[in-house]
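What follows is one structure encoded as structure tokens, with my remarks underneath.
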DNA sequence: AATATATATCGAATTATTTGGATATACAAG
DNA sequence: CTTGTATATCCAAATAATTCGATATATATT
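Residue numbers (the working numbering), protein chains in the order written: chain A, 896 to 997; chain B, 896 to 997.
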């Protein structure tokens, strides 16, 4: 995350309130997604996030894709579900890099 | 900078490489703008920044305006010149807020 | 195999951002 | 008061981002 290109991708990913909101929700999955049928250890599945954003399934999927391309979240596919988790390592590295370069 | 709207404005302002570059240059004015005719204590005047970005005067002016609207820089007008400085207070507050909310 | 569910991708419309040329404004100097 | 310089604003064109419906893909169930 010291690379200029990674920082660019991450800052762009964070430049949308819905994507920042998603990251904030993923900070406390048990608080925001307690109604998930699957264990939260896996992460939060895409459909649960769709429901919360109020946006269409395809739009939310695009936002999640943007977050993943920026490495701000990790995904894990189990059966037909895709679980999302914050990538704390990258998030921290990004915040550190921003503090440095900014 | 605890307000959600301010964070939105700031993240959008940082979502462009040229604007991040300008903020980085302003961190070390004596290093990057040693050829400025006016004292650097005032800040760095817009024209010096134009020259460095390689973009047109009007485009650079728009970028500087975006940074100012986000309160990431302060300006001071002296004669016909406008001097820009980093707003360290807001930058720090933003980084802190980002660390909190993100 | 047929059906149902979860997610991703495609295509097109809408909106936002970036860009530069031209012009306006403000100030300084002659 | 005219001319020159610095910066901002206006305008239009180009590019990028957002959004959604429709469809594709993958998996699960019957």
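Glycine is no exception: its CB is placed at the ideal position from the N, C-alpha and C atoms.
All values reported here derive from a predicted model rather than from experimental measurement.
Reduced DSSP secondary structure (H/G/I, E/B, other) of residue i
{"i": "residue 979 of chain B", "result": "strand"}
{"i": "residue 922 of chain A", "result": "coil"}
{"i": "residue 969 of chain A", "result": "strand"}
{"i": "residue 989 of chain A", "result": "helix"}
{"i": "residue 930 of chain A", "result": "coil"}
{"i": "residue 951 of chain A", "result": "coil"}
{"i": "residue 958 of chain B", "result": "helix"}
{"i": "residue 908 of chain A", "result": "helix"}
Within chain A, partners of residue i - CB distance below 7 Å
{"i": "residue 912 of chain B", "result": "903"}
Under 8 Å from the C-beta of residue i: neighbouring residues of chain B
{"i": "residue 907 of chain A", "result": "910"}
{"i": "residue 994 of chain A", "result": "990"}
Among the options, the one whose alpha carbon lies nearest that of residue i
{"i": "residue 913 of chain A", "options": "A:984, A:940, A:901 and A:957", "result": "A:957"}
{"i": "residue 920 of chain A", "options": "A:968, A:906, A:977 and A:964", "result": "A:968"}
{"i": "residue 939 of chain B", "options": "B:972, B:987 and B:902", "result": "B:972"}
{"i": "residue 989 of chain B", "options": "B:974, B:962 and B:976", "result": "B:962"}
{"i": "residue 930 of chain B", "options": "B:946, B:954 and B:918", "result": "B:946"}
{"i": "residue 915 of chain A", "options": "A:965, A:900, A:936 and A:997", "result": "A:965"}
{"i": "residue 902 of chain B", "options": "A:991, A:909 and A:980", "result": "A:909"}
{"i": "residue 975 of chain A", "options": "A:933, A:995 and A:985", "result": "A:933"}
Contacts of residue i in chain A (Cβ-Cβ under 8 Å)
{"i": "residue 986 of chain B", "result": "997"}
{"i": "residue 926 of chain B", "result": "Near residue 926 of chain B there are no residues of chain A at all, since even the closest Cβ is about 15 Å away, more than 8 Å."}
{"i": "residue 971 of chain B", "result": "The premise fails here: residue 971 of chain B is roughly 21 Å from chain A at the closest Cβ pair, so nothing lies under 8 Å."}
Per DSSP, cross-strand counterpart(s) of residue i
{"i": "residue 880 of chain A", "result": "With chain A running from 896 to 997 in the structure shown, residue 880 of chain A is simply not present."}
Neighbouring residues, chain A, relative to residue i (Cβ below 9 Å)
{"i": "residue 932 of chain B", "result": "Per Cβ cutoff of 9 Å: no residues; residue 932 of chain B is ~28 Å from chain A at best."}
{"i": "residue 919 of chain B", "result": "996 and 997"}
Run of the alpha helix (DSSP H) containing residue i, from where it starts to where it stops
{"i": "residue 897 of chain B", "result": "Run containing residue 897 of chain B: none; DSSP gives neither H nor E here."}
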